[in-house]
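Start counting the sequence shown at 1; every next residue gets the next number (UniProt numbering).
Just so it is clear, CB atoms sit at the ideal spot from N, CA and C, and this is done for glycine as well.
This report refers to the structure that appears directly beneath it.
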Amino acid sequence: MHKRRFLYMSKQQKSALADRKMVGRAIKDSFIKLKPKTQAKNPVMFLVFVSAILTTVLWIVSLFGMKDAPSGYTFAISVILWFTVLFANFAEAIAEGRGKAQADALRASRRDVEAHKIPSQKEKDCITAVPSAKLKKGDIVIVKAGEQIPADGEVIEGAASVDESAITGESAPVIREAGGDRSAVTGGTLLLSDWIVVKVTSEAGESFLDKMIAMVEGAARKKTPNEIALQIFLVALSIIFILVTMSLYTYSLFSARLAGIENPTSVTTLVALLVCLAPTTIGALLSAIGIAGMSRLNQANVLAMSGRAIEAAGDVDILMLDKTGTITLGNRQAAEFLPVKGVDVRELADAAQLSSLADETPEGRSVVVLAKEKFGIRERSLQDKNMKFIPFTAATRMSGVDFDGNEIRKGAAEAMQAYVTKAGGTYSEECDRIVRDVASKGGTPLVVAKNHRILGVVYLKDIIKQGVKEKFADLRKMGIKTVMITGDNPITAAAIAAEAGVDDFLAQATPEGKLDMIRTLQAQGHLVAMTGDGTNDAPALAQADVAVAMNTGTQAAKEAGNMVDLDSSPTKLIDVVRIGKQLLMTRGSLTTFSIANDVAKYFAIIPALFVGLYPGLSALNIMGLHSPQSAVLSAIIYNALIIIALIPLALRGVKYREVSAGKLLSRNLLVYGLGGLAAPFIFIKLIDVLLTAAHLV
């Protein structure tokens, strides 16, 4: 107990140290980002940056007697504007901090190692030792147990256990082998057993790890189309407010001259007003929201090759999911023994178990377990009765056992029918009916025969994953249609689709069939997401709007996808969609809040600002602000502090809810729209009271 508590406290201390280090780095980066070239990338905050420079110049000029406004007031406005710029930089820097910390860890795991290069697969003895940094695409290397894989590649010979914890964070080793969909290996991972021959698939500096480092630290991040569109909208709003502010100054000057008084509205005040009215809140947080979205995806062990892919995930309305491993557990299990007329069910179970004793597949083991659980058939030995086991082959499509003159076979219905009739036995209509019934329920029928006499059928069932049906129901509420992809026949596919609760299915799926289905759906205006790991999935992955390739898959699949799942979990696609939708929700919510803020600040400041010219406006000063100067100072202080207050929400994201887009919009307008209207009235008044009480205005 004490040890566990110590470990927990150690983790907390390490986390706290990491957080302090991240915050320290973010503060430093906030000042580095004050470069004009960096600020110009965010037009709204560049406006604040220019305003801060202008008010600083006005304050310096005021020290020499050329006062636009009282020196102390101008100095206060200038300092607050600089803090506003720094707070916006800090929001972006703290969002980047997570990625930089992960990138540092990845860099630490990458090192130049000695690679054992060979001329070809057949010349394994002709080894040349070269640094891994000098390997080129197409080179062939041999890697043995205990060695680090020197570069990204495809296993072309051998099979071995690989530790990929440096990349995925998962300590459990994985199998990589030639000739399948689990042939891709990543440079920097460790071979734990056996040996493999690897063909290098990337040039130096362009490895998967290099790309991953660039993505997680944000160096390769580009603005998404939606982000660019929103920024254009914010710039348009800012231009409108510049024109409004200029008009207010000329109108104030004209009215003051008509009244024969000095213009009470200074340039400093109007610059502060401009910053308050511009959409600085969302402008400051926009980049941080996008970076945080990518960071949340990285934390889910998914690497997005572009921000566009995450954004598209938020707009996806069709999910194409593989049946095996995604909807079902991946291994069929024996669910029932169905004997034909005249055969005792125990006799069928006994024969099925005997034929499965040497079968190490999950299906074979489940037959043994079912016979043991239902009928207590146990305590068998492989040496009993001089057993000779007949292994399963793709040609015969059946397996079995011979012992003491008896012959038991178990296999696919068509193969068993040919086997029995060829030996002069009878394949009854009753057996055929049981086979059809099992197939119609989505199961796989295995026919069992003893000495060429049909005993019955073993019902193998695809086990639907727990909670999958509920997940699909939630997706349906969000307006997302689910399509199951399977190689099963249409009858079996229909039964599993009904049990799992998917909206549609593609049976007897081929690479061409998947591609055609995606193109058809896209032509109808849908955004399609799918997952895959094999070379045969590459065309469909390349066509899909959101394509999640498995890290265990082939290089072709990874290059075709716009995301890579390091955990190689097909169900991760659902999490990707959630993260994408959360990103869009967060951006929309904070934009709503920011614009509502601007409206509220307008009504809070304008009456107090022009009450000197038009005393009747005091009736609209519903907040009862102390003076025009306190109104402006309170508003601009609130404008800076609200950025800091909203950073946690921008990083964490708005809480995700599986509801329709209409309900989301209504909720956002209620919470963030009304909240954005109310917050300035409350906090600007509170700041005004504090400034007045401290005699600062």
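Taking the beta carbon of residue i as the centre, do at least 16 other beta carbons fall within 10 Å, making it buried, or is it exposed?
| i | result |
| --- | --- |
| T393 | exposed |
| A523 | exposed |
| I595 | buried |
| I574 | buried |
| C126 | exposed |
| N386 | exposed |
| S238 | buried |
| T201 | buried |
| S399 | buried |
| R4 | In this prediction, R4 scores a pLDDT of 37, lower than 50, which makes its location untrustworthy; no coordinate-derived value is stated. |
| D350 | buried |
| K663 | exposed |
| F254 | exposed |
| S630 | buried |
| K136 | exposed |
| N551 | buried |
| A650 | buried |
| I175 | exposed |
Helix, strand or coil, according to DSSP, for residue i in the structure here?
| i | result |
| --- | --- |
| A334 | strand |
| R182 | coil |
| V546 | strand |
| residue 705 | This structure leaves residue 705 out entirely; the chain is present only between 1 and 697. |
| V85 | helix |
| E470 | helix |
| R657 | coil |
| D516 | helix |
| A220 | Here A220 scores only 47 on pLDDT, less than 50, and its place in the model should not be relied on; the value that follows carries that caveat. Reduced to three states, the DSSP call for A220 is coil. |
| F31 | helix |
| P173 | coil |
| F64 | coil |
| L7 | Because the pLDDT at L7 is just 31, under 50, the model does not fix this residue reliably, and the value given afterwards should be weighed accordingly. It is helical. |
| M623 | coil |
| A52 | helix |
| E262 | coil |
| I684 | helix |
| E347 | helix |
| A300 | coil |
| Y614 | coil |
| P131 | strand |
| S165 | helix |
| V340 | coil |
| A145 | coil |
| D125 | coil |
| V244 | helix |
| T281 | helix |
| I491 | helix |
| I228 | helix |
Among the options, which residue has its Cα nearest to the Cα of residue i?
| i | options | result |
| --- | --- | --- |
| D139 | A159, I77, A115 | A115 |
| D152 | P173, G158, I196, E203 | E203 |
| N536 | L357, V23, Q555, G525 | Q555 |
| M416 | R365, R453, R308, M22 | R453 |
| I647 | S62, L63, I282 | I282 |
| T520 | I318, V130, S30 | I318 |
| V576 | A547, A538, V599, T592 | A547 |
| R587 | I496, Y249, A288, I643 | A288 |
| E363 | N639, I463, T591 | I463 |
| G342 | E430, A129, V483 | E430 |
| S627 | L329, G675, A608 | A608 |
| residue 774 | G290, L86, F241, A631 | Because the chain here runs from 1 to 697, residue 774 falls outside it and cannot be looked at. |
| L338 | I327, E407, I434, L357 | I434 |
| V483 | D503, N298, P445 | D503 |
| I261 | S62, V340, G188, G612 | G612 |
| D545 | D315, E414, T692 | D315 |
| S247 | L273, S62, P131, N621 | L273 |
Mind reading off the beta-carbon distance from residue i to residue j? Whole number of angstroms is fine, and I expect it under 8 Å.
| i | j | result |
| --- | --- | --- |
| A352 | A371 | 6 Å |
| F375 | R346 | 5 Å |
| V197 | I149 | That belief does not hold up - the Cβ atoms of V197 and I149 are roughly 12 Å apart, past 8 Å. |
| L58 | T245 | So it is not a contact: roughly 15 Å between Cβ atoms. |
| E658 | D474 | 4 Å |
| T591 | L230 | 7 Å |
Consider the Cβ of residue i: report whether some Cβ of chain D lies at a distance smaller than 9 Å.
| i | result |
| --- | --- |
| K37 | In the structure shown, chain D cannot be found, because there is only a single protein chain. |
Next on the checklist: Quick check on the DSSP output: what are the complete alpha helix (DSSP H) runs of length 4 or more inside the segment 391-456, in order along the chain?
Outcome noted: 413-422, 429-440
Checklist entry - Can you list, in chain order, the stretches of the alpha helix (DSSP H) that have 4 or more residues and sit fully within the segment 548-592? => result 555-560
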